[in-house]
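Residue numbers (our numbering): 69 to 386.
Printed below as a string of structure tokens:
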């Protein structure tokens with residue numbers, strides 16, 4: 069019999085194959101390797117952001133600053149590259165360190181001041197979005213040969229499937245996250261904190277260190293997501309990625325991670341993002357449906373998965 073904690077992940081995987089299968093039967097070319105890898109490529113930045121969000125939700129927290137950090141990253145990168153003529157390989161480490169520090173500060177405030185993650189990261193969202201707007205309210209184009217090289221880098225698979233830089237980065241992040249979450253002491257601490265913080269403290273788990281690292285990782289990956297996002301747009305814009313934090317949360321929940329923390333898998337988050345991508349792709353292939361149907365379907369899926377989570381929580385042995 070299937071372990072109850074694997075049920076959300078199993079349902080997620082089955083749902084993805086069903087949706088992808090329906091699209092493949094209904095539309096010619098939908099089931100091709102090209103469409104599948106386009107799903108990965110088009111949603112690479114969201115996969116990266118959602119992986120960071122998974123660490124946070126596994127710990128029982130939430131991070132609403134993700135979309136704003138992505139926007140701020142793009143604006144800072146575009147200013148440093150285009151206006152100050154800095155090389156992207158110099159700029160990227162700077163913004164990654166800054167983003168990580170920003171997340172660590174939020175984690176420290178959450179732990180030491182005993183504040184709700186919702187409030188702290190909401191403040192972080194306003195701060196990052198506001199700072200991006202102060203730097204520039206207009207879109208700033210990035211014109212650098214390195215970006216052209218990034219766009220051209222990749223390789224072709226059978227079926228005209230293109231695997232580019234963004235896809236490779238997203239896959240590398242996912243693999244690293246799976247190893248960290250499921251095969252390291254830190255990953256075990258994340259699950260323990262999300263399962264029961266008081267019990268985790270009694271077990272000797274350093275709550276401050278763990279909480280700060282969780283939000284630092286989330287901000288680091290949000291910043292990396294912002295860099296990848298700039299590969300798509302070749303620009304930085306203060307109003308970019310509005311609502312991406314909600315998409316990331318939706319992907320994590322649809323991927324089978326419990327909102328209460330303590331249960332979930334990184335691979336499930338990938339499938340959650342792909343499900344959202346399949347819905348968008350289906351609507352694009354159909355051509356008669358409004359893009360808003362994507363939000364409607366994702367909303368219905370969220371309701372269903374949250375209901376499933378509650379059933380599993382109530383069925384959990386006391």
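Positions of the beta carbon are idealized from the N, C-alpha and C atoms, including for glycine.
Could you check where the beta strand (DSSP E) with residue 260 kicks off and where it finishes? Indexing the chain shown from 1 puts residue 260 at position 192. From DSSP, residue 260 is part of no beta strand (DSSP E) but of the alpha helix (DSSP H) over 253 to 263.
DSSP has residue 230 in a bridge; who is on the other side? The residue given as residue 230 occupies position 162 in the chain shown. Paired residues: 224.
Near residue 112, what residues of its chain come up, given a Cβ to Cβ distance below 8 Å and the 5 sequence neighbours on each side ignored? As a first step, residue 112 is located in the chain shown; it is residue number 44 there, counting from the start. 234, 235, 237, 238 and 296.
Just grab the DSSP bridge partners of residue 304 for me. Stepping through the chain shown from its first residue, residue 304 is reached at position 236. According to DSSP, residue 304 bridges with 208.
Counting pairs of beta carbons, one from the region 132 to 139 and one from the region 189 to 196, are three or more of them closer than 8 Å? yes
Rounded to whole angstroms, what's the CA-CA distance from residue 155 to residue 149? Just pull it up for me. By 1-based counting over the chain shown, the position of residue 155 is 87. By 1-based counting over the chain shown, the position of residue 149 is 81. Distance between the alpha carbons of residue 155 and residue 149: 6 Å.
Measuring alpha carbon to alpha carbon, tell me which residue in 340, 376, 359 and 377 is nearest residue 87. By 1-based counting over the chain shown, the position of residue 87 is 19. Closest by alpha carbon: 340.
Helix, strand or coil: how does DSSP classify residue 357 here? As a working note, residue 357 is residue 289 in the chain shown. Residue 357: coil per DSSP, three-state reduction.
I need the straight-line Cα distance from residue 102 to residue 328, nearest angstrom please. Numbered from its first residue, the chain shown carries residue 102 at position 34. Numbered from its first residue, the chain shown carries residue 328 at position 260. Their Cα atoms are separated by approximately 37 Å.
Given residue 288 as reference, the closest of 144, 93 and 164 once Cα atoms are compared: Looking up residue 288 in the chain shown gives position 220. Of 144, 93 and 164, the residue nearest in Cα terms is 164.
Take residue 334 as the anchor and find which of 99, 79 and 121 has the nearest alpha-carbon. To locate residue 334, count along the chain shown from 1; it is residue 266. Closest by alpha carbon: 121.
The region 314 to 327 touching the region 215 to 230, judged by at least three CB pairs closer than 8 Å: no
Go ahead and label residue 145 buried or exposed: buried means 16 or more other beta carbons lie within 10 angstroms of its beta carbon, across all protein chains shown. For the purposes of this step, residue 145 is identified with residue 77 of the chain shown, where counting begins at 1. Answer is buried; the Cβ neighbour count reaches 16.
Drop a sphere of 10 angstroms on the beta-carbon of residue 228, count the other beta-carbons inside from all chains shown, and report buried for 16 or more, exposed for fewer. Here the question's residue 228 lines up with position 160 in the chain shown. Exposed, because fewer than 16 other Cβ atoms sit within 10 Å of the Cβ of residue 228.
Just the C-alpha distance for residue 281 and residue 151, rounded to the nearest angstrom, thanks. Reading the chain shown from its first residue, position 213 is the one you call residue 281. Reading the chain shown from its first residue, position 83 is the one you call residue 151. Going from the Cα of residue 281 to the Cα of residue 151 covers about 33 Å.
When you compare the region 158 to 173 with the region 265 to 273, are there three or more beta-carbon pairs, one atom per stretch, that lie closer than 8 Å? no
Helix, strand or coil at residue 333 [DSSP, three-state]: Here residue 333 refers to the residue found at position 265 when the chain shown is read from its first residue. Residue state, collapsed to three classes: coil.
Could you check if residue 78 is buried or exposed, using at least 16 other CB atoms within 10 Å of its CB as the buried criterion? The residue you call residue 78 lines up with position 10 of the chain shown. Exposed, because fewer than 16 other Cβ atoms sit within 10 Å of the Cβ of residue 78.
Residue closest to residue 197, alpha-carbon to alpha-carbon, out of 177, 142, 216 and 250: Position 129 of the chain shown holds residue 197. Among 177, 142, 216 and 250, the Cα nearest to that of residue 197 belongs to 142.
What three-state label does DSSP hand residue 95 in the structure shown? Along the chain shown, one-based indexing puts residue 95 at 27. Here residue 95 sits in coil by DSSP.
Return the chain-ordered list of same chain residues with a C-beta closer than 7 Å to the C-beta of residue 353, the five sequence neighbours on each side being excluded. In the chain shown, counting from the first residue as 1, residue 353 sits at position 285. Here the set comprises 91, 95 and 98.
Quick check on the DSSP output: the alpha helix (DSSP H) that includes residue 323 runs from which residue to which? Counted from its first residue, the chain shown places residue 323 at position 255. Looking at the DSSP string, residue 323 is not in any alpha helix (DSSP H), and its letter there is neither H nor E.
Could you work out which residue in 117, 126 and 294 is closest to residue 161 when comparing CA atoms only? Working through the chain shown from its first residue, we reach residue 161 at position 93. Per the Cα distances, 294.
Between which residues of its own chain and residue 179 is the CB-CB distance below 6 Å, once the five residues before and five after are set aside? Here residue 179 corresponds to residue number 111 of the chain shown, with the count starting at 1. So the list reads 276 and 279, once near-sequence residues are dropped.
From 104, 107, 126 and 109, pick the residue whose C-alpha is nearest to that of residue 255; which is it? Numbered from 1 along the chain shown, position 187 holds the residue referred to as residue 255. Checking every option, the nearest Cα to that of residue 255 belongs to 126.
DSSP three-state assignment for residue 328, whether helix, strand or coil: For this step, residue 328 is matched to residue 260 along the chain shown. The answer is coil: DSSP assigns residue 328 none of H, G, I, E or B.
With respect to the alpha helix (DSSP H) encompassing residue 179, which residues constitute its N-terminal and C-terminal limits? The residue you call residue 179 lines up with position 111 of the chain shown. Start and end: 156 to 180.
For residue 217, count the other beta carbons within 10 Å of its own beta carbon; 16 or more makes it buried, fewer makes it exposed. Which is it? As a working mapping, residue 217 is identified with position 149 in the chain shown. Residue 217 should be labelled exposed.
Starting from residue 131, trace the alpha helix (DSSP H) both ways and give me its first and last residue. For the purposes of this step, residue 131 is taken as residue 63 along the chain shown, with counting starting at 1. It is not in any alpha helix (DSSP H) - residue 131 carries neither H nor E in the DSSP assignment.
Please work out which residues of its chain come closer than 7 Å, Cβ to Cβ, to residue 366, disregarding the five sequence neighbours upstream and downstream, and give them in chain order. The residue you call residue 366 lines up with position 298 of the chain shown. Contacts found: 318, 344 and 347.
Taking 6 Å as the limit between beta carbons, can you name the residues of its chain near residue 171, skipping five residues before and five after? Against the chain shown, residue 171 aligns to sequence position 103. The residues are 283, 284, 286 and 287.
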